[in-house]
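Participant: Quick one: this structure, given as structure tokens, is what I'll be asking you about.
There are 2 protein chains.
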Amino acid sequence: MRQMSPNPTIHDVAKRAGVSISTVSRVINRTVPVSDDVVTRVEAAMKELSYVPRAAARNLATRKTNSLGLLLAEITGDFFDPLLAGIETVVVENGFDLLISTAGRGGPHDELPRSLGNHNTDGLLVFAGVLTPEAIARAHASGLKLVLIHQSSPPDLDIPCVTIENKAASFAVVEHLITEHKCRRIALLRGLPHNEDSHWREMGYREALEKYDVPFDPALAVPGDYKRVVAQKSVARMLQDGVEFDAIFAADDEAAIGALQALYAAGKRVPEDVSIAGFDDLHISALINPALTTVHAPTYEVGRVAAQQLIRSIRTGQADPLTLLPTEIVVRRSCGCHNHNGYTGAPEINASDTFIQ
Amino acid sequence: MRQMSPNPTIHDVAKRAGVSISTVSRVINRTVPVSDDVVTRVEAAMKELSYVPRAAARNLATRKTNSLGLLLAEITGDFFDPLLAGIETVVVENGFDLLISTAGRGGPHDELPRSLGNHNTDGLLVFAGVLTPEAIARAHASGLKLVLIHQSSPPDLDIPCVTIENKAASFAVVEHLITEHKCRRIALLRGLPHNEDSHWREMGYREALEKYDVPFDPALAVPGDYKRVVAQKSVARMLQDGVEFDAIFAADDEAAIGALQALYAAGKRVPEDVSIAGFDDLHISALINPALTTVHAPTYEVGRVAAQQLIRSIRTGQADPLTLLPTEIVVRRSCGCHNHNGYTGAPEINASDTFIQ
DNA sequence: CTGTTAGCGCCTTCAT
DNA sequence: ATGAAGGCGCTAACAG
Chain A
24 MRQMSPNPTI
34 HDVAKRAGVS
44 ISTVSRVINR
54 TVPVSDDVVT
64 RVEAAMKELS
74 YVPRAAARNL
84 ATRKTNSLGL
94 LLAEITGDFF
104 DPLLAGIETV
114 VVENGFDLLI
124 STAGRGGPHD
134 ELPRSLGNHN
144 TDGLLVFAGV
154 LTPEAIARAH
164 ASGLKLVLIH
174 QSSPPDLDIP
184 CVTIENKAAS
194 FAVVEHLITE
204 HKCRRIALLR
214 GLPHNEDSHW
224 REMGYREALE
234 KYDVPFDPAL
244 AVPGDYKRVV
254 AQKSVARMLQ
264 DGVEFDAIFA
274 ADDEAAIGAL
284 QALYAAGKRV
294 PEDVSIAGFD
304 DLHISALINP
314 ALTTVHAPTY
324 EVGRVAAQQL
334 IRSIRTGQAD
344 PLTLLPTEIV
354 VRRSCGCHNH
364 NGYTGAPEIN
374 ASDTFIQ
Chain B
24 MRQMSPNPTI
34 HDVAKRAGVS
44 ISTVSRVINR
54 TVPVSDDVVT
64 RVEAAMKELS
74 YVPRAAARNL
84 ATRKTNSLGL
94 LLAEITGDFF
104 DPLLAGIETV
114 VVENGFDLLI
124 STAGRGGPHD
134 ELPRSLGNHN
144 TDGLLVFAGV
154 LTPEAIARAH
164 ASGLKLVLIH
174 QSSPPDLDIP
184 CVTIENKAAS
194 FAVVEHLITE
204 HKCRRIALLR
214 GLPHNEDSHW
224 REMGYREALE
234 KYDVPFDPAL
244 AVPGDYKRVV
254 AQKSVARMLQ
264 DGVEFDAIFA
274 ADDEAAIGAL
284 QALYAAGKRV
294 PEDVSIAGFD
304 DLHISALINP
314 ALTTVHAPTY
324 EVGRVAAQQL
334 IRSIRTGQAD
344 PLTLLPTEIV
354 VRRSCGCHNH
364 NGYTGAPEIN
374 ASDTFIQ
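Going line by line, the protein sequences match chains A and B. Counting in this note's numbering, the first sequence runs from 24 upward without gaps. Counting in this note's numbering, the second sequence runs from 24 upward without gaps.
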């Protein structure tokens, strides 16, 4: 079973099967009925030559690429893993390919990478903060199908967006801290500036304070940037400056973990001295000590839905303008609770997953 | 600044710049000298039309795709994140695109996904265990450039492979358990069957036992499969069966964490009652309680080198047959040591990263 | 049901 | 330094 030519084309297959190239094309694409024996003959020929249709050629002919692009700031951290997994699943289910591209840390970029430009992808999944609204608008104007993840559409453009409910869950967490644990001095580790999740999480925080007549203290609202080290430094500084607090609400779990470290480094105990709560429910959050009270963000699901919406948009031109996935508070030990109750995280994470009961 | 046509082609640019399409092509590819004013005129035209060359067309014309494929079993877990990050970095640096594809859990597959076939990618990064040696051989025979990750080439094929040193580090860990912590009954949580890393890690384990005249007890070598739940069950069963052991060497950190859970569930203390060591040094491993003694696997670096080798292979036809990246033991608390010493993990993970000192 | 014939958009000799 | 023309491999009318 030697190779005839290193790269057989549809012509080679046609010749070998004794048919025309259109017929071969037809059996490849099952676009119109073909007689059975011809089908088998062609398929045999394809196998014998180990023929693989060249994507570039069919893409050119059909003016479709059958692939989705994913635009991320960078690949890093536990957050993107479930996102990617969700996207990949749907992409595979629908016979698409996935082109991954990172734009790099440097804030929102004003141009999309060439490889993900209009012609190299049928549609683009864009994660929050990687593109400027102008760049998004331009891409949209050029006819590229887009779905925004964790970022809403620029005004009047109605680009489909998939994100999660932030405010109510944040409110619930802070309320829990106030009512269950009698916290009154709750520090806020903010997320990234100009980030929508960050904004709504802070709103939830503020509204909870307001409801229980806890004054908002600017000295307690410090940078977290969704990053462990940033949060660590912020908390260390508060400690050093003598800012008093009995709880910390971090805009995400990475920051919560950074806070935990800063607290430990200063000899504080969690939750005995300070209660901590985060947001996202990362894989790791159930495993650390103490297990983190947080909000479960359905990130895998976000990935799935975003990819589904994009594919639907490509196929039908229609998509839901906004998908808001529900979140749920996950009470574990870092806030001071002694037993878990209610939702405890993604399927594979259950109560027994936490090391310290 | 309206769009002229929704999808401008090289012809539109040529017309607008008052030149021929060949000239436009030349300024795009900077393949031969072009007079300065023509260059500026053409570039202006491209910008005005927001022209993006269609990848399919140039791929077809050049018979290159300028993209790499990455074939994984599935996207999941903390292990792949640094791998992907390393690959992505190099891919971007070299102006390639990255096509990601998962083959699914079902053991080694005998065919590669169509999308990553011969014609859709200039080269393929294949992770251990996703393809059968036959499938690899066939892909190689068809002229596809390949680099294998964590899996060596089928005999006589000399397909470049990038992997890590397993045996010496495993030996060192087990030796540490024996000499420093006086362990004699060391359980082994095996990795995946037919997996090379798994094999060499077990060899390291066995040789260490041998060196110190500790008999190998088959009852202590149980499945781990690189999975938390599998390891958890194995350890639970040993406990239940009354198999005695004073230490566990897990073929990877996921399994080590599963072991930890099983031990806690049974009321055992780590490291007081049982010492634990793992392999990989996942992001999470420094953060759990107790911080995990393990072997640092340079996974990001593996990703980088693999991508580099593949690109070199594509460009020059040459690549190093085998890259064996060094590993290093990371002593933390789960083995019974009270302070860290020596290497403590990836750059961003240092001693203060562990919650319990 | 099957064969013939144009392109798809770009690169690449070959002339000029 | 620039233009003209052929072809990359495939799909999609259009005829039969």
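Virtual Cβ for every residue (Gly too), placed ideally from N, Cα, C. Note that the coordinates shown come from a computational prediction; the quantities given were computed from them, not determined experimentally.
Counting C-beta neighbours from all protein chains within 10 Å, is the total for glutamine 341 of chain A 16 or more, i.e. buried, or is it exposed?
Facilitator: By one-based count along the first sequence, residue 341 of chain A stands at place 318. By the neighbour-count rule (16 or more Cβ atoms within 10 Å), glutamine 341 of chain A is not buried but exposed.
Participant: Return no unless some Cβ of chain A is closer than 8 Å to the Cβ of arginine 292 of chain B.
Facilitator: On the second sequence, residue 292 of chain B is found 269 positions in, with the first residue counted as 1. No - not a single Cβ of chain A is within 8 Å of the one on arginine 292 of chain B.
Participant: Would you say glycine 166 of chain A reaches chain B, if we count a Cβ-Cβ gap shorter than 8 Å as a contact?
Facilitator: By one-based count along the first sequence, residue 166 of chain A stands at place 143. Yes, because at least one Cβ of chain B sits closer than 8 Å to the Cβ of glycine 166 of chain A.
Participant: Could you give the DSSP three-state label for serine 308 of chain B: helix, strand or coil?
Facilitator: The residue you call residue 308 of chain B lines up with position 285 of the second sequence. In this structure, serine 308 of chain B counts as helix in the three-state DSSP scheme.
Participant: May I have the straight-line CA-CA distance separating aspartate 101 of chain B from valine 65 of chain B, to the nearest angstrom?
Facilitator: Stepping through the second sequence from its first residue, residue 101 of chain B is reached at position 78. Stepping through the second sequence from its first residue, residue 65 of chain B is reached at position 42. Looking at the two C-alpha atoms, the distance is approximately 47 Å.
Participant: Take aspartate 236 of chain A as the anchor and find which of A:Leu211, A:Cys206 and A:Val245 has the nearest alpha-carbon.
Facilitator: By 1-based counting over the first sequence, the position of residue 236 of chain A is 213. Here the closest residue by C-alpha is A:Cys206.
Participant: Along the chain, where does the beta strand (DSSP E) containing arginine 213 of chain A start, and where does it finish?
Facilitator: Here residue 213 of chain A refers to the residue found at position 190 when the first sequence is read from its first residue. Per DSSP, arginine 213 of chain A belongs to the beta strand (DSSP E) from 209–213.
Participant: Determine the direct distance from the alpha carbon of arginine 355 of chain B to that of leucine 180 of chain A, and round the result to whole angstroms.
Facilitator: Indexing the first sequence from 1 puts residue 180 of chain A at position 157. Indexing the second sequence from 1 puts residue 355 of chain B at position 332. Rounded to whole angstroms, leucine 180 of chain A to arginine 355 of chain B spans 53 Å at the Cα level.
Participant: How long is the line joining the alpha carbons of proline 29 of chain B and arginine 77 of chain B, rounded to whole angstroms?
Facilitator: What you label residue 29 of chain B is simply residue 6 of the second sequence in a count that begins at 1. What you label residue 77 of chain B is simply residue 54 of the second sequence in a count that begins at 1. Near 13 Å, if we compare the C-alpha coordinates of arginine 77 of chain B and proline 29 of chain B.
Participant: Going along chain A in order, which residues have a C-beta closer than 7 Å to the C-beta of glycine 140 of chain B?
Facilitator: By 1-based counting over the second sequence, the position of residue 140 of chain B is 117. The contacting residues are Val75.
Participant: Can you tell me which of the three DSSP states phenylalanine 268 of chain B falls into?
Facilitator: In the second sequence, residue 268 of chain B corresponds to position 245, counting from 1. If DSSP states are grouped into helix, strand and coil, phenylalanine 268 of chain B belongs with coil.
Participant: Identify whether serine 298 of chain A lies in helix, strand or coil by the three-state DSSP scheme.
Facilitator: Residue 298 of chain A sits at position 275 when you count from the first residue of the first sequence. Looking at serine 298 of chain A - three-state DSSP - the assignment turns out to be strand.
Participant: Can you list, in chain order, the residues of its chain with a C-beta nearer than 7 Å to that of alanine 274 of chain A? Leave out the 5 residues immediately preceding and following it.
Facilitator: Translated into the one-based positions of the first sequence, residue 274 of chain A becomes position 251. Here the set comprises Leu212, Arg213, Gly214, Ser221, Arg224, Gly247, Tyr249 and Phe302.
Participant: Taking the straight line between their C-alpha atoms, what separation do you get for leucine 169 of chain B and glutamate 188 of chain A?
Facilitator: Numbered from its first residue, the second sequence carries residue 169 of chain B at position 146. Numbered from its first residue, the first sequence carries residue 188 of chain A at position 165. The alpha-carbon atoms of leucine 169 of chain B and glutamate 188 of chain A are separated by roughly 44 Å.
Participant: Anything in chain B within Cβ reach of isoleucine 98 of chain A, meaning under 8 Å, just list it in chain order.
Facilitator: Counted from its first residue, the first sequence places residue 98 of chain A at position 75. What isoleucine 98 of chain A touches in chain B: Asp104, Leu107, Ala108 and Glu111.
Participant: Whole angstroms are fine: how far does the CA of asparagine 143 of chain A sit from the CA of aspartate 133 of chain A?
Facilitator: Residue mapping note: residue 133 of chain A aligns to position 110 of the first sequence, counting from 1. Residue mapping note: residue 143 of chain A aligns to position 120 of the first sequence, counting from 1. Near 18 Å, if we compare the C-alpha coordinates of asparagine 143 of chain A and aspartate 133 of chain A.
Participant: Below 7 Å, is the gap between the Cβ of alanine 330 of chain B and the nearest heavy atom of the ligand NAP?
Facilitator: The model depicted lacks the ligand NAP and carries no ligand whatsoever.
Participant: Please tell me whether histidine 202 of chain A has its Cβ less than 8 Å away from any Cβ of chain B.
Facilitator: Residue mapping note: residue 202 of chain A aligns to position 179 of the first sequence, counting from 1. The displayed chain sequence assigns threonine, not histidine, to residue 202 of chain A. For threonine 202 of chain A, the answer is no, since every Cβ of chain B falls outside 8 Å of its Cβ.
Participant: List, in chain order, every chain B residue whose beta-carbon is nearer than 8 Å to that of proline 29 of chain A.
Facilitator: Against the first sequence, residue 29 of chain A aligns to sequence position 6. Here the neighbours are Ser165 and Gly166.
Participant: Pair every Cβ in the stretch 117–128 of chain B with every Cβ in the stretch 85–99 of chain B, then say whether three or more of these pairs are closer than 8 Å.
Facilitator: Output reads yes: the stretch 85–99 of chain B touches the stretch 117–128 of chain B.
Participant: Is aspartate 181 of chain B helix, strand or coil when you go by DSSP?
Facilitator: Within the second sequence, the letter at position 158 stands for residue 181 of chain B. Reduced to three states, the DSSP call for aspartate 181 of chain B is coil.
Participant: Where does arginine 39 of chain B sit, in a helix, a strand or coil, going by DSSP?
Facilitator: As a position in the second sequence, residue 39 of chain B is number 16, starting the count at 1. Here arginine 39 of chain B sits in helix by DSSP.
Participant: For the alpha helix (DSSP H) containing phenylalanine 103 of chain A, list its first residue and its last residue.
Facilitator: Sequence index remark: in the first sequence, residue 103 of chain A carries index 80 (1-based). Its alpha helix (DSSP H) spans residues 103–116.
Participant: Quick one: Cα of asparagine 312 of chain B to Cα of asparagine 312 of chain A, how far?
Facilitator: As a working mapping, residue 312 of chain B is identified with position 289 in the second sequence. As a working mapping, residue 312 of chain A is identified with position 289 in the first sequence. Answer to the nearest angstrom: the Cα atoms are 6 Å apart.
Participant: For threonine 286 of chain A, count neighbouring Cβ atoms within 10 angstroms of its own Cβ and tell me buried if that reaches 16, exposed if not.
Facilitator: Your numbering for residue 286 of chain A matches position 263 in the first sequence. Here residue 286 of chain A is leucine; the residue named in the question, threonine, does not match the sequence. Buried, by the Cβ-count rule.
Participant: Three Cβ pairs or more, each shorter than 8 Å: is that satisfied between the stretch 54–71 of chain B and the stretch 32–40 of chain B?
Facilitator: Touching, per the Cβ criterion.
Participant: So what does DSSP say about leucine 286 of chain B, is it helix, strand or coil?
Facilitator: Translated into positions along the second sequence, residue 286 of chain B becomes position 263. Of the three classes helix, strand and coil, the one that applies to leucine 286 of chain B here is helix, per DSSP.
Participant: For the beta strand (DSSP E) containing glycine 146 of chain A, list its first residue and its last residue.
Facilitator: As a first step, residue 146 of chain A must be located in the first sequence, where it is residue number 123. Note, glycine 146 of chain A: beta strand (DSSP E), 146–150.
Participant: Does alanine 37 of chain A come within less than 8 Å of chain B when only Cβ atoms are used?
Facilitator: Along the first sequence, one-based indexing puts residue 37 of chain A at 14. No - not a single Cβ of chain B is within 8 Å of the one on alanine 37 of chain A.
Participant: If we count the other Cβ atoms within 10 Å of its Cβ and call it buried at 16 or more, is proline 344 of chain B buried or exposed?
Facilitator: If you number the second sequence from 1, residue 344 of chain B lands on position 321. Label assigned to proline 344 of chain B: exposed.
Participant: Is the Cβ of threonine 155 of chain B closer than 8 Å to any Cβ of chain A?
Facilitator: What you label residue 155 of chain B is simply residue 132 of the second sequence in a count that begins at 1. Not an interface residue.
Participant: Relative to chain B, which residues along the stretch 286–319 of chain A have a C-beta separation below 8 Å, given in chain order?
Facilitator: Going along the stretch 286–319 of chain A in chain order, one finds Tyr287, Ala288, His306, Ile307, Leu310, Ile311 and Asn312 with a Cβ nearer than 8 Å to chain B.
Participant: Can you look up proline 344 of chain A in the DSSP assignment and give me helix, strand or coil?
Facilitator: Position 321 of the first sequence holds residue 344 of chain A. Proline 344 of chain A falls in the coil class under three-state DSSP.
Participant: Verify whether the separation of the beta carbon atoms of aspartate 269 of chain B and arginine 208 of chain B is less than 8 Å.
Facilitator: Translated into positions along the second sequence, residue 269 of chain B becomes position 246. Translated into positions along the second sequence, residue 208 of chain B becomes position 185. Yes, Cβ-Cβ distance for aspartate 269 of chain B and arginine 208 of chain B is below 8 Å.
Participant: So, does the CB of leucine 83 of chain A fall closer than 8 Å to a CB anywhere in chain B?
Facilitator: As a working note, residue 83 of chain A is residue 60 in the first sequence. Yes, because at least one Cβ of chain B sits closer than 8 Å to the Cβ of leucine 83 of chain A.
Participant: Would you say aspartate 101 of chain A faces chain B, with C-beta separation under 8 Å as the test?
Facilitator: Against the first sequence, residue 101 of chain A aligns to sequence position 78. Yes - at least one Cβ of chain B is within 8 Å of the one on aspartate 101 of chain A.
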